[in-house]
Each structure stands twice: as C-alpha cells, then as structure tokens.
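Take a look at the structure set out below.
Number of protein chains: 4
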Amino acid sequence: MSGNTYGKLFTVTTAGESHGPALVAIVDGCPPGLEISLDDLQRDLDRRKPGTSRHTTQRQEADEVEILSGVFEGRTTGCAIGLLIRNTDQKSKDYSAIKDLFRPAHADYTYHHKYGERDYRGGGRSSARETAMRVAAGAIAKKYLASQGIVIRGYMSQLGPIEIPFKTWDSVEQNAFFCPDPDKVPELEAYMDQLRRDQDSVGAKITVVAEGVMPGLGEPIFDRLDAELAHALMSINAVKGVEIGAGFACVAQRGTEHRDELTPDGFLSNNAGGILGGISSGQPIVAHLALKPTSSITTPGRSIDIHGNPVDVITKGRHDPCVGIRATPIAEAMMAIVLMDHLLRHRGQNADVRVSTPVLGQL
Amino acid sequence: MSGNTYGKLFTVTTAGESHGPALVAIVDGCPPGLEISLDDLQRDLDRRKPGTSRHTTQRQEADEVEILSGVFEGRTTGCAIGLLIRNTDQKSKDYSAIKDLFRPAHADYTYHHKYGERDYRGGGRSSARETAMRVAAGAIAKKYLASQGIVIRGYMSQLGPIEIPFKTWDSVEQNAFFCPDPDKVPELEAYMDQLRRDQDSVGAKITVVAEGVMPGLGEPIFDRLDAELAHALMSINAVKGVEIGAGFACVAQRGTEHRDELTPDGFLSNNAGGILGGISSGQPIVAHLALKPTSSITTPGRSIDIHGNPVDVITKGRHDPCVGIRATPIAEAMMAIVLMDHLLRHRGQNADVRVSTPVLGQL
Amino acid sequence: MSGNTYGKLFTVTTAGESHGPALVAIVDGCPPGLEISLDDLQRDLDRRKPGTSRHTTQRQEADEVEILSGVFEGRTTGCAIGLLIRNTDQKSKDYSAIKDLFRPAHADYTYHHKYGERDYRGGGRSSARETAMRVAAGAIAKKYLASQGIVIRGYMSQLGPIEIPFKTWDSVEQNAFFCPDPDKVPELEAYMDQLRRDQDSVGAKITVVAEGVMPGLGEPIFDRLDAELAHALMSINAVKGVEIGAGFACVAQRGTEHRDELTPDGFLSNNAGGILGGISSGQPIVAHLALKPTSSITTPGRSIDIHGNPVDVITKGRHDPCVGIRATPIAEAMMAIVLMDHLLRHRGQNADVRVSTPVLGQL
Amino acid sequence: MSGNTYGKLFTVTTAGESHGPALVAIVDGCPPGLEISLDDLQRDLDRRKPGTSRHTTQRQEADEVEILSGVFEGRTTGCAIGLLIRNTDQKSKDYSAIKDLFRPAHADYTYHHKYGERDYRGGGRSSARETAMRVAAGAIAKKYLASQGIVIRGYMSQLGPIEIPFKTWDSVEQNAFFCPDPDKVPELEAYMDQLRRDQDSVGAKITVVAEGVMPGLGEPIFDRLDAELAHALMSINAVKGVEIGAGFACVAQRGTEHRDELTPDGFLSNNAGGILGGISSGQPIVAHLALKPTSSITTPGRSIDIHGNPVDVITKGRHDPCVGIRATPIAEAMMAIVLMDHLLRHRGQNADVRVSTPVLGQL
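Chains as they are written, first to last, in the numbering used here: chain F, 23 to 385; chain P, 23 to 385; chain S, 23 to 385; chain G, 23 to 385.
And the structure:
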C-alpha cells in the first residue's frame, strides 16, 4: 500500500511538498452524518501554524483548508473527503544554494539515493510542512471520537534539558509551548531566546493522552494499539523515540512495581499507559515522543556535495529552532487517526459482542 | 487488513495459541531461488527456545518447524511458504484456576472485553509463545538479506538496573542473556538468581543493529523505515518503548551536537541510527526496545474476577522472570521482516534509479 | 499485500501446492462467539472433493481439515483461525516427464518466467487443489452469514453446449453436476461419457446466488461489491468471465428494459443482480462465471520445452475433464468470503446509521 | 483499506462528487524520473470529456487538471502526485426535484441505505464524473508503461445490438464512438439518433488490449492478473460483465479447441487473452466489458420516495444515452493502473530472476 496512506478503515492519504502549489489529503472511511465545519479543522491548523510566536519559524502560512468532497450540507456523507491547503508563502530563492549539496542530518542525502530525483526547495516532501494535512485529517477524527466520549490532548513534557511535570490542562493552550505549568513558561522563553542567540536548535519531549477510550481497541498480534501508535507517532518528522505508559522506565522496574493492580473501583496505577496485550483497557492512553533538534541551523556543519566533495553548510531560510514546540497538535492528530481507525476496525469485527463485566478505567 | 499480518510485499501472517495444537505462519512474497533449509529456521528458533537455562521458563518445547509449501528442492519457489510448529508441552491444567479472573497487568481483561470469548489457557493468543513464528519467518528474511550483504544482530543492553555497554559481538552468543560483555555475565546471573528467590520479575532493554543496509529503504511519509521499525518492535509482547539511534537522549541534545556530519570518508557519528527522513542512510540501523517485567509472578496481586469481585491472584505455571532474556532473536526477526519488506518495496518502485554519488556509511 | 490473501477485515490467506505435504490457511477477522465445528467445514469440502463420481478426477483425497487455532470450546475466539489439510494421494511420479516442458494452456510457461523456479509436480501452486482451502475458509463465512439471514447457493447453468435453465434448488445436491433440473442430468452424463471417450475436456458456466443480503454492502468507488465479486470469482482457476445480473446481455438492452423498477412491494425485476452503484440493494445477488475447458487432456498438443525446442505434450495424471463440475462450492465460498468481508467493513464505518425507509428486495 | 484506493504499490486514491467543488486524486508509487506533462494527462481527459459530440451528455467540462505535487521540473520525484480538477459546469438546480425519491436503477436507493446521508446532486459520488480522475491517473501509468514497451488501447466492440468486429486501430480515434471500423460509423450514428428520439438509452461492449506486456505479471492466487483486471474494470460505473480472452465463449469450447498451442515461433492462438494461471504470458492481454444502458432517461419509470410512496420518475438533467461511448479511455486507464501496479509488484519480488528461455507472444 501507499507509503502516504495511514489506516485501514479510516484512511488518510496525503501529498504535497513544502514549496509546491498545495498540500492535499483524502480522508476515507469517516462515518456518515458527522457534523463537520471548516472551523473544526481550522482550530487545530491554527494551533500548529508557524509564525505565531517568536519561538517558531517566521514563515507566514494562513493554512486555510478547503473541503473538496465528502461533506454535504454540513455533514459527512460517508464518501471520501478531499482536503486542500494552498501554499502561499513559499520563497524558493532561499533554497537554490543548497541544490547540489546534502545538508547534514537532513533527508537530502537519503531522498537523493532513493529516488535519484529531488525537490530541493525547502526539503520538498521531507519538510514538516506536510504535517498540516495530518492535523486537518486528525481534526475530523477528533470530532468523531469526541462524539463517542473520547478526548485527546497533548502537552510538552520536556524542552531540551528542562523537564516539565504535568500540572494542569488549563495552562496548555495559554502559551506558545503547550506547557502544562504556567510557572515554567518564563524559563522556557529564556531558554529559547538564548538558543536563538547561539544559532542552535534543541530537542523536546511531547506527551499525548486519550481519555474516555473504551476497552477493546487494538488488533493483535501485529496491529496492537501500542504498535500502531508507535508507527503513527514515529512517522512524524524528527521523532526518534516513542514510549507507552512507563516506557523505558519499565526496564528497571520489577513486576510487583510495574503491574497495575485492579480493584472493583478501578486500576490502581497506569504503568501500562492504558494498553494491555495491545488492546485498550479503558484507562487513559498515554504516549510520549522524543523529537530531535532540527538540523536546519545557521551554525556551519561539515557535509559533502552530490559529487562527493567536502563542503561547509549553513542552512538559511526560516526554520524552527525547536520543532517540538509545534508538535503537540500533530501528535494529537496522529493519535486520533489511530484510535479512529481502530474503533472502526473493532466494531467491524466485534459489533455483536456484549460483555456484562465491569469496565474499569481510573487513573 | 489482518491484524495478524505484517508487511506489504514480504508478508508474514501467523496464527496459534499458547496451548492450542500448533502455531502456523504463511510467509508470502519471498523472492524465488533462495536456498532455505530447516536448519536456517531452527538455528534462530533454538536461540529463542524456552528451557535452555535456569533463567527462563521451564516449559519444554522442541519448537521443531515443518515447511509445508513454497520451498521445492531446497529453494524457495516464490509461492507462499507455509510453516507449522506443533505445541508439545502445553499443560492446560495449570491454568484452569484463572479461568474466571483477570490476572493483573495481563491481557486477560482486555481480550475479555474485546472478544467476549477468551482462550484462558496460558494466555491463548496473547502469550509470547506466538513469537516462535516471528522468529521462523524472520529467519527466512535474514537469509535473503544476508545474500544482499545485510547482517542483523541484537544484544541485551540493560537488565533491570544493570546497564550493559556494548563490548563485543563475540560474547553475545556465549551466554544465556545475549550479553555483549562476558565480564558482566556473573552479575546478571546473580541478579536473576536473587530475583527468583524474591518471586519477582524485571524489565530489560534490547538493542538491534542492521549493518550493510543500502541507502534508500523506507517509504515516506507514513511508512518511514523508523515508523515501521517502531511498529514491528512495539508489536512484540511486553515492549513499552522503541528508540531509533539517540532516541530519547536527543530531547536534551542541541542541533550542533545531534547532527551527524558528513565527510567524503563517511558520517562522523550516528545519532540518527541510520535513518534520515525515514529512509536508510547506509549507516548501521540501530534500534532499542524496552521490555516490561512480566506480570506472571507468584507474588500475590490484587485483581477482580469477571463478575467484578475483588480477588488476590497468584500466577502459577511456568514463566520467564525476565521476558527480555529471550527477546533478542525476536527483535532481530522483526527488524529483518521490516527491512526485507522495504527492500522489496523500494526496488518495486525504484529499480530504475541509478545514482553516481558516493555511498557513505561509516559508524 | 500478499497475493495469497483475500479480504480486508475478514481475511483469508492460503498456502500449499498440489503435491506438497499440506494445504494451510489463516482466516482472520471472524467475529467471536460463532459456533463452528469440523462438520461445518467438512460438509462443503466433501461437496468439492475429487473422486466422488466418474465425471471428476480419480485422485483420492479425504480433504480432512484440522483447526489449529482461533476456535476454543466450539466457538470462535476472534483470534486468527489456522486450518490444515494434509495431502495424502499425491503421486509425484506421474509428473516427472513434464518437468522441462510447458504444457499448452497451463501455467507452466508463466510460472517459469515469473519465478525462474517451478514446482512442476501436478501444477504446484497453480493447481486447483488450492481451492480446497477456499472452500474451508468459505464455510466459516457461510456459517456467520447464515446467522445474519444470508444464504449462498450455486448451481451449474451450462455444461459445454448444454444450457441448464434454473428449475429447483432441491435438485442441485442430488447429482454430481450441481444441476438444478433433474431431467437434465442424463443428458449431462451422456455428454461427459462421450467427452471422456474423446479424450477431451469442456467448459462450464456456474451461477451463484446470495439471498437475504441487507442493503448497503460494497465500498465505492473501487471496492464496489460487484468489483470485489468479479475479483474473487475470476481468481478461481480456469475462470475467464464474470457477470453480475444481466451481465453481457445488458449490452443489447435498452434502458427502459434494463432498469429494475421499484414499487412499494419491491423491485419488479433484477437485471442489476442485486447491486446498484456497487452496493447491495437487498435483492438477491446473482453472479455467473465461465470456466474454460481444462488443458490437462491426453490428446497431444504442440508446445515447446524450456530450451525452446518443439515438443508434443500429452498430459497424463488424473484430471477433471470439466473443472466446472466441482466449481460450484468454490464459487459459493468466494462469494461468501466477499460478502463476509463487506458486511464487516460496512458496519465498521456505518454502524451508527439508522434509516427509516422501506427495505425492498423481491425478485 | 480505503474503498477509494486501487493498487498496492502503484496506488490511486480519488475523491470528489459530480456537483461538488472539485475532483481530486493522489497517485502514489510512481517511479521517479518519468517525464510527465499536463499534456500527457489532458490528452486522455479530452478523449473522455463530455460534450464533444451530439451522442454524449451536453454538460460542458473543461476537465483541466492541475498537478499539485510529486512532479518537479517536468519529472516525477517518486513522491505522491496530487491531481485536481475543478468542476465548472455543475447545475445543481436540475436535481433538487429528485432529492427525496429513488431513481430506478440508480445508486440512490443503495447509497441512502448504506450511509443514511446522500449528496443527491447529480448522483454525488456515484456519478460517472469521478472517472475523470481514473483517466488522469491512468495517463501517468500509460506513460510509464510506454517507456517499458507496453501499449494499451481500446475500442467499442458492440453498441446495443450492433456488433463491431475489429478492423483497424487507425479508425478508433477518428470517430466519436471509438469504433474500429469506419464503415460502421454511419450505422452507429443513425442508431444513436433514433435512440435519442425514443428517449431511451442502450448498452455497449468495450474491448481493451495491452500489447508488449512481459511475461510474469500477476500475483497468484488471489491477485491473479485476470482477477485484478476484473476488479478494476467491474469497478467502472455501469459495468456488469468482464471477460478475459475467449470469456464466456469458452463455456462451449472443448479443450482441444481452447488451448493455445505453443511453437518456437510463438503461440498459435490467444483464447487465454494473454493470461495463464493468472500471470501474463507475453501475448496481448485482451479484456471485454459490458456496460449497461444508463438509467438516466426521460421516459417515466415506476419508483418510490424515501417514505415508501409510489412515484413516477423522469430523470432530467444532461445525460449520456450510452455511457459506453465514453468508456474506452476509462477502461484503458484501469487496465494501465492494474498493469503498472503489477509490474512494480513483480519486480519487487522477482527482480533477481533471470530466465534463459524464449519469450513467445505472437497473436
């Protein structure tokens, strides 16, 4: 199947380059009758949009989405939904200097070897610009999931060396970092200001949580819910690691410590991150992702050109010094797409199942 | 598509429960003309096999595989390969006591809610027993990849609190832990002996490395090579985290530190873990996975039965106190299946591509 | 995806050659809780089985199926179902003479060019022997569909030049031909007896009908129900044509004649064959398939060997002079698999839909 | 997978309704480096375009396609290709009268029951308008296949009762019918003129031929080349039957007559239609499809409304009296997409295969 499609029943297929005319997506399998408006999509697109604070790239994109099909009189028809976002602020001249060389730690080298051809303008298809369409498609999934009682939210849990323990969802939308602790924001701002002066970039850690997920989602043995989340989240640009629940901390845990005990009142802990045996347990689903520091920085780096000659590369253009800052809505979108797909797959097979057994789910 | 199938061109479909009559797999898409023997499969099956040291479950399974189809006169025909492993040491009586209750941190609760029905004998489909078929299928992939110069090997990089820096591949097959440092083995043995006395279990971290991978494998944007590896590795029982290259360490890295610079002599570092923009770079591909401590322990834990009543659960039967110990061949198999699939997908689309550009790849 | 897998939610993956040790299948996505026994599978296997009359091949195969997984205490668990049928009457010596030559109108030539390798014993994977597994898997689908009120039956509608208008389902299981008119049977027997004396083979036409199908199955625009039926039925060995409803007769029809008018009492005709716009209408689904005369005949035919030299080929061994005679259960199985898959896909997306509009469906 | 996606390595995903803002497609998996221009796409779009003769619908659509991505400096990059066609001549007011009733033999009834929701304007997604995108995507496949020596052409082989034996390709593009015999054209014109006076519609038969196809394409057992062609061709609006080679004629054929004998100079006949055992043989691939008479006619027909009340329906608007007339480019496109996909799948698995055996292929 297409490497540009995600999902099996609820499928998202996208196309579009950083500096081409437009981004486009086809979202298929959405249940009919869902009320959907441009606002539903725009809200999340605006959360991801560049240029809204001094801490992200200064590229200006309205990211206005047009619905081409699949929605009629304000409701989904069940037919494939076409989405279009025109690129409006591409400045190709910024990139011509790097046409024949490989920026270190970019996809230039690998795209060149894979395809022979390369749209070198702003990274082409490898640019994070494509994530706008993930967010638009994810907004449709979120809307349907919300109608089923499922809420998906994310936040920044670490910026470079600064760990950010979760404090309150109320803070997350009140600052440019999706930081869940308002008292941490000045520290983050100071760190980013210094980073820009250093002409450097930094990594970040994002946490995404889905609450209200019914038990039963996930398709063993290969399409376990955690495996699909790992796939979807790792497919986001710059992501180098994914954890579910306790994640790598479980390496040093003992079984007596890790196992989430059950009582008639619910689970007593959530080391599992809401997934047991690859299937949702009814607890909140918790995933963490690590984003690397972007390699588009103005500090020169050693590289080679396409003929193999050594060169020093400075990546100009307009870039995010921390791509993690805008990653929260993207991670939410990918989690929404996965849960949506699995909700439909689950009920396709198991619509008949009736279990008279308590559904737990606290913590 | 089936949740029990992995891959798109090279596909592995499996079935079979812990205490049913047999495990079975159908491996499709293997190139014809590959010399394959039972020994090729048995070698890795034996590395995963239970009961070979005192540190793993005492279940005795020969894990003898039969090739049912797709191989003729010692070579693959290009047709689907059927594989069969009979279960020989299932003791169903061990499990009848837990029929109506949910073992904490097991898949009991989630399988029950998903399907209504449950094969409670030894975990049924959720048991790690199914991984035998991953290993058998992976051995076929490994054999073909080896013919293309690709070698896949893994080792244990952490056992509970004990970190194990890589020292030498020579050590890995010389001990029960796949430990790459012979001097560490006594410490691991002592730790495991104490753990058994404590009636507890512990987590582990495994590292898998593929060397000799050509640049170009991976299908953006959703089927990036790292995303597929995350999917495949996270689908292994007990895995709660996956990292590529620097992984979560990149959160605190700066761009100047993280980026792998290129010179005419090769890459100068490998924070990327051999993957840039979701495509292999020619460097070794490096992945780490975190395995949780198994929840099958004899120390009692709080739980409920299917009627919602509180119970205390002791998991008897024969179990691994550290499932990570036998996970190395499984992780290798899954990495092999992913690389194999992507090698075929890549050449399907890009067989015409000829690039007269140096292939780097050191480190 | 694997060319040996059919279906997207209800998937059937098979492997196995004519003269290898066994046939194997993995059926995934079956709803849990379905009562299934070996008898359910064996009944249809026996209907397809060779050697039950003088009009089919004299190969003796018990075609006894073993269920390896996915069924526990007589009910499906929702996990992948493994099926195994051992080959017991393969006589490989019959075939060694044709190792290096291409039988005319067989798959020998094309398998050789595709794979380079070829299991020449009895056609290997290209033998109709593999259809046993389609029938076994189809029996599971039939059982579930029956629980939803859907009944699938087929009959022979033409044998060579002899057209067989439908008369009664009661006749179909009473003769070796699946002939729906008992008065036609002697004519068919006489024709076949003469055909054997002529050392020749002949084509046939089969009709399959599904009754009780709810409106709504089929996924436009590419996975229309008729398109999937065409795929599934054309994938049966020897099939060269598929029609839905009026089929090729509609070429000469006018719109006023072809269109199936609706009244409050139901449709007035069924030229559509129960499918409008690629979606089931509630009317019976009707498909016809054309099977070619087998090319395995003892009358010599011109061909070449693998070096390009001309040869005369006589195909010995045990063959069906009319492969259409045993095709009815296979066609039923494939229709069942398609409907099953689409029933699950449909409810995955559209489980919420409630329409207060009459369901028609007569004729 | 999405019902709006066709193909596994070369995939075509489409969206768009008859009277919505636009049609859109994403074509993925195209090999990089293929020279492609708007003209390549427009040529076939113009062949399918409505309103070019008095025998087709008078809707005026420029069908101008825009390439949104995947093509850079005139060559494909290997990344997903986005295509957009704006609808320009939708007249929604024509359709409001039929909002609450089901036109006989239309998809109205089935879409209503499947989705609950329905875009009633001009048939919405069920309109043949979507086939424009099949043609645009098919043009890309055709261009690549041509570079491999494969040529795909089609013609009308029957219009209503008038059979049209193949005479010459030269004639096909010289008339509005894709008629391969210039002497037949006046008869076809007269027939159509009378049909319009009768306010009726009629069926047609189209034949598509691929020449220059290498042996080896097709993936047994379910994704046989003939099975996939049947799927793809049956998925075209109004198609009710598909034949490969001799098709239904083989029912009455004997084996001695049907089998295509081989000599060192080539095959002596082509009853197989270029496919043996589901794999291309090197002979021309020949498929026939039957298209039903459109049900959009102004002669009143009995039907019901969504409340179950009887109504008489006259379908106004602008319609094709014979949808078969514009079907030739669509059938070519679908055959091209199938062959393209299978060429890539084949070389993905079998790129290593070298066979020193003559490739036949005459007739």
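Cβ coordinates follow ideal geometry from the N, Cα and C atoms, glycine included. Given the structure is predicted, the values throughout are model-derived calculations rather than measurements.
So residue i and residue j are supposed to be a Cβ contact under 8 Å. How far apart are they, rounded?
| i | j | result |
| --- | --- | --- |
| residue 202 (chain G) | residue 186 (chain G) | 7 Å |
| residue 93 (chain G) | residue 103 (chain G) | 6 Å |
| residue 135 (chain P) | residue 238 (chain F) | 5 Å |
| residue 260 (chain G) | residue 345 (chain G) | 5 Å |
| residue 350 (chain F) | residue 176 (chain F) | 4 Å |
| residue 193 (chain G) | residue 236 (chain G) | Incorrect: roughly 29 Å between the Cβ atoms, too far for contact. |
Between the C-alpha atoms of residue i and residue j, what's the straight-line distance to the nearest angstrom?
| i | j | result |
| --- | --- | --- |
| residue 118 (chain G) | residue 142 (chain F) | 49 Å |
| residue 371 (chain F) | residue 54 (chain S) | 8 Å |
| residue 262 (chain F) | residue 148 (chain G) | 43 Å |
| residue 98 (chain S) | residue 161 (chain F) | 36 Å |
| residue 83 (chain S) | residue 111 (chain S) | 6 Å |
| residue 212 (chain S) | residue 256 (chain S) | 29 Å |
| residue 356 (chain G) | residue 157 (chain G) | 8 Å |
| residue 266 (chain S) | residue 28 (chain G) | 21 Å |
| residue 180 (chain G) | residue 352 (chain G) | 16 Å |
| residue 46 (chain F) | residue 60 (chain F) | 15 Å |
| residue 224 (chain G) | residue 26 (chain P) | 47 Å |
| residue 382 (chain S) | residue 297 (chain S) | 13 Å |
| residue 79 (chain S) | residue 174 (chain S) | 26 Å |
| residue 299 (chain G) | residue 316 (chain S) | 12 Å |
| residue 217 (chain S) | residue 210 (chain S) | 10 Å |
Residue i: which of the options sits nearest, CA to CA?
| i | options | result |
| --- | --- | --- |
| residue 320 (chain S) | G:308, G:278, G:285 and G:317 | G:278 |
| residue 91 (chain G) | G:275, G:49, G:80 and G:63 | G:49 |
| residue 30 (chain G) | P:36, P:380, P:385 and P:366 | P:366 |
| residue 167 (chain S) | S:360, S:382 and S:381 | S:360 |
| residue 240 (chain G) | S:71, S:129, S:189 and S:267 | S:129 |
| residue 335 (chain P) | P:64, P:126 and P:89 | P:126 |
| residue 76 (chain G) | G:225, G:348, G:303 and G:254 | G:348 |
| residue 63 (chain G) | G:151, G:165 and G:267 | G:165 |
| residue 34 (chain P) | F:245, F:237 and F:315 | F:245 |
| residue 214 (chain S) | S:270, S:183, S:195 and S:188 | S:183 |
| residue 273 (chain S) | S:284, S:293, S:285 and S:254 | S:293 |
| residue 65 (chain G) | G:109, G:131 and G:154 | G:154 |
| residue 172 (chain G) | G:332, G:350, G:108 and G:307 | G:307 |
| residue 385 (chain F) | F:37, F:363, F:219 and F:234 | F:234 |
| residue 74 (chain F) | F:196, F:95, F:145 and F:37 | F:196 |
Any C-beta of chain C sitting closer than 8 Å to the C-beta of residue i?
| i | result |
| --- | --- |
| residue 328 (chain G) | Absence of chain C from the displayed structure is noted, the protein chains being F, P, S and G. |
| Which whole runs of the beta strand (DSSP E) in the stretch 109 to 186 of chain G are 3 residues long or more, in chain order? | Fully enclosed beta strand (DSSP E) runs of 3 or longer: 173 to 181.
| Unbroken beta strand (DSSP E) runs of length 3 or more, entirely within the stretch 292 to 318 of chain P: which are they? | Counting whole runs of 3 or more residues, the stretch 292 to 318 of chain P contains the beta strand (DSSP E) stretches 307 to 313.
| message | Suppose only complete runs of 4+ residues qualify. What are the alpha helix (DSSP H) ranges in the stretch 185 to 257 of chain G, listed by chain order? | response | List check, alpha helix (DSSP H) in window: 191 to 194, 207 to 219 and 247 to 256.
| request: Pick out the complete beta strand (DSSP E) segments inside the stretch 339 to 363 of chain S, 3 residues or longer, and give them in chain order. | output: Listed in chain order, nothing qualifies, since the stretch 339 to 363 of chain S has no complete beta strand (DSSP E) run of 3 or more residues.
| request: Examine the Cβ distances between the stretch 374 to 382 of chain F and the stretch 51 to 68 of chain S and report whether three or more of them are shorter than 8 Å. | output: With a cut-off of 8 Å, the stretch 51 to 68 of chain S and the stretch 374 to 382 of chain F count as touching, because enough Cβ pairs lie within range.
| Do three or more CB pairs link the stretch 243 to 254 of chain P to the stretch 289 to 299 of chain F at distances below 8 Å? | Taking 8 Å as the limit for Cβ pairs, the verdict is that the stretch 289 to 299 of chain F does not touch the stretch 243 to 254 of chain P.
| query | For the 8 Å Cβ check, are there 3 or more pairs between the stretch 266 to 278 of chain F and the stretch 317 to 334 of chain P? | reply | Flag = yes, the stretch 266 to 278 of chain F and the stretch 317 to 334 of chain P touch.
| request: Tell me the start and end of each unbroken alpha helix (DSSP H) in the stretch 54 to 107 of chain G that is at least 4 residues and wholly inside, in chain order. | output: The qualifying runs are 60 to 70.
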